[in-house]
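Protein chains in written order, with the working numbering: chain R, 488 to 684; chain E, 3 to 386.
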Amino acid sequence: MSATMERADFDLIASWVQPGERVLDLGCGDGSLLKRLIEERGAKGYGVELEDAEVLAAIANGINVIQGNLEQGLAGFDDQTFNHVVLSRTLQTVRHTERILSEMLRVGREAVVSFPNFAYWKNRMAVMAGRMPVSEDLPYEWFDTPNLRFFTLLDFESLCSKMGLVIRERQVLDDAGRAVVEEPNFLGSLAVYRLGR
Amino acid sequence: MRRLTRTLYGICMSGVGLVAAQRAHFSQPLQLKGGGVLPAFDLVYETYGTLNAAKSNAVLVCHALSGHHHVAGHTADNPANVGWWDNIVGRGRPLDTDRFFIVGVNNLGGCHGSTGPGSPNPATGKPWGADFPVVTVEDWVDSHARLADHLGIDAWAATMGGSLGGMQALQWALSYPERVRHALVIAATPKLSAENIAFNDVARQAILTDPDFHGGHFYEHGVRPLRGLRLARMLGHITYLSDDQMAEKFGRRLRTGAGSYGFDVEFEIESYLRYQGDKFAGVFDANTYLRMTKALDYFDPAQDHGDDLARALAGARAKFLVVAFSTDWRFSPERSREIVHAMVHNGQDVAYAEINSAHGHDSFLMDEPHYHAVVDSFLKRVTT
């Protein structure tokens with residue numbers, strides 16, 4: 488994904504973190520977001536990452552990274568340890584969707600979830616033209632994608648409702664990282680939610 | 003040929019070349035956790051690299067059950083005597099001698115030069131033997147602190163070790179939080195399980211019931227409990243390896259084509275274990291083995307904190323790297339994660355890597371590129 492888009496996503500998350508707060512970033516990669524939250528926002532950050540190369544990069548970045556598999560939940564993390572638990576562009580790769588959302592709100596007071604919106608108009612156009620979408624926010628071919636779940640803003644909000652999760656805030660971005668206000672399920676490429684119980 | 007190869011390896015490949023042990027004498031008594039007092043003691047150690055003017059680049063490498071101060075390089079008397087963790091020490095290696103001053107020390111109760119059961123008891127002039135006190139991880143750390151004072155090191159840039167050595171690296175950060183900036187706790191556990199203790203006790207029983215043990219005073223009888231020590235090592239060795247690795251390395255292969263339907267060495271694994279047992283029994287001290295396993299069994303920092311590990315670790319100020327290995331069933335990754343989660347609970351700095359390795363508990367000694375890259379990345383963040 489492009490650096491521009493990465494920043495647009497991270498800008499929002501950074502704006503929600505207050506100095507001194509504890510953040511857990513699930514699927515933290517090389518720790519870029521955490522590094523920013525630590526350096527710019529004075530947060531206390533931890534990350535969870537599965538891939539060896541990313542863990543290595545995160546350690547090189549001085550990040551408190553914990554190697555582990557999100558599919559196994561967040562066993563070992565105590566209840567309500569974090570102010571924010573972030574799952575950035577990763578929910579679509581997780582098999583146990585409901586469990587990870589529940590776990591996020593078990594260990595944290597707030598879950599921050601971002602994901603690519605499958606109903607974005609360009610994605611719809613691609614499917615209408617008979618092809619699976621490849622875009623800024625869905626940058627993989629169907630045969631090499633790590634994404635397991637394809638869903639839309641409406642789908643996600645329906646799941647939140649079913650699980651009794653409260654949507655505290657929703658921000659939607661187009662594929663240039665610009666805020667979308669009107670028709671977000673059609674014009675939004677990436678959605679970022681703040682969830683609570 | 004094997005010996006020649008080892009010799010060439012020692013000369014060409016060791017990271018730090020020729021090394022020599024040093025000895026420090028400490029005349030102030032050391033109060034031990036078990037209640038005893040060591041009136042005075044010696045520690046034997048080696049160093050690699052140069053201590054900088056600020057004395058801020060020192061790294062303490064703590065050894066495991068059968069280890070010692072000879073961490074890296076080779077000794078003058080025997081070029082094949084390469085240090086037990088040589089592959090991680092030297093120029094361009096994770097413990098880079100261009101950056102760090104590395105200290106390896108033989109623990110109290112050991113049998114490689116530091117005061118131990120084979121040393122003379124000042125009260126009798128005879129070897130301590132069974133009368134040498136049972137020492138703990140905490141006692142070792144206290145003794146290491148004397149060595150740090152001796153070397154003028156106020157704070158270690160890092161303490162590190164694998165297995166029992168990892169426990170010492172951790173205990174350092176608990177006993178002397180202001181004297182440890184980073185701690186690398188590798189293939190360790192916050193306490194032994196019942197199963198771990200059970201294995202240790204079978205090993206101890208092998209030694210204690212050997213007729214040549216003489217209640218620990220075998221030195222005076224001119225014998226050594228070789229059979230017991232050999233069995234102890236064979237048993238221990240099984241727990242250091244993984245089932246997969248044994249299957250791959252030995253399988254069910256026989257030394258000779260067919261079974262003899264007797265009890266001589268038949269399977270390759272038998273041959274290997276007996277060789278390891280004999281080799282170890284030839285050089286190691288039975289009283290030391292007993293004490294090292296007891297130090298393992300007693301290690302449990304949470305015990306004095308209501309069995310709450312997070313509370314026990316709360317005082318540590320070091321940044322931690324915890325490393326575990328996928329096939330380590332002796333101290334499995336779950337046990338390392340207990341340390342990690344206790345530290346996350348406390349809001350302490352900790353990174354955790356779980357390395358895919360086939361070599362079981364012994365993985366921490368292996369030259370596995372990703373493992374070494376993880377340690378290297380962490381150590382590169384250490385300012386000196």
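The beta carbon of each residue, even a glycine, is placed where N, CA and C say it ideally should be.
Asp302/E does not reach chain R, its nearest Cβ partner there being about 19 angstroms away, counting only Cβ pairs nearer than 7 angstroms.
Contact of Arg383/E with chain R is assigned, a C-beta pair being separated by under 8 angstroms.
Taking all protein chains in view, the Cβ of Trp142/E is crowded by 16 or more other Cβ atoms within 10 Å, so the residue is classified as buried. Only buried fits Thr295/E, as 16 or more other CB atoms lie within 10 angstroms of its CB. Assignment of Met169/E by DSSP, reduced to helix, strand and coil, places it in the helix class.
Within the DSSP secondary-structure output, Ile654/R pairs in a beta bridge with Leu682/R.
Secondary-structure assignment with DSSP links Pro122/E through a beta bridge to Pro129/E. For Asp299/E, the enclosing alpha helix (DSSP H) has its first and last residue at 288-300. Phe366/E sits close to Ser165/E, with the two beta carbons spaced by under 8 angstroms. Under a criterion of Cβ atoms nearer than 8 angstroms, the residues of chain R adjacent to Ala375/E are, in order, Leu543. From the listed residues Val600/R, Arg684/R, Asp565/R, the smallest Cα separation to Val581/R is found for Val600/R.
In this structure, the straight-line span from the alpha carbon of Leu153/E to that of Pro371/E is close to 33 angstroms.
As DSSP reads the structure, Lys531/R sits in a beta bridge with Arg509/R. If you check each beta-carbon in the stretch 507-540 of chain R against every beta-carbon of chain E, the ones closer than 8 angstroms belong to Arg509, Lys531, Tyr533, Asp539. At a cut-off of 8 angstroms between C-beta atoms, Asp624/R does not count as an interface residue with respect to chain E. Contact note: Thr568/R reaches chain E through Val346, His347, using a C-beta cutoff of 8 angstroms and chain order.
With the criterion set as a beta carbon lying under 8 angstroms from some beta carbon of chain E, the members of the stretch 547-573 of chain R are Ala547, Gly549, Ile550, Asn551, Val552, Ile553, Gln554, Gly555, Gly563, Phe564, Asp565, Thr568, in sequence order. By the Cβ neighbour-count rule, Thr52/E is exposed, with fewer than 16 other Cβ atoms within 10 Å of its own. Boundaries of the beta strand (DSSP E) harbouring Ile553/R: 552-554, taken from the DSSP string. Nearest CB-CB separation between Asp351/E and chain R: below the 8 angstroms threshold. Cα atoms of Ser58/E and Asn108/E: separation of roughly 22 angstroms, rounded to the nearest angstrom.
Here the alpha carbons of Asp369/E and Ile90/E stand approximately 8 angstroms from one another. Sequence-distant partners of Ile553/R (beyond 5 residues in either direction) whose C-beta falls short of 6 angstroms from its own C-beta, in its chain, are Val535.
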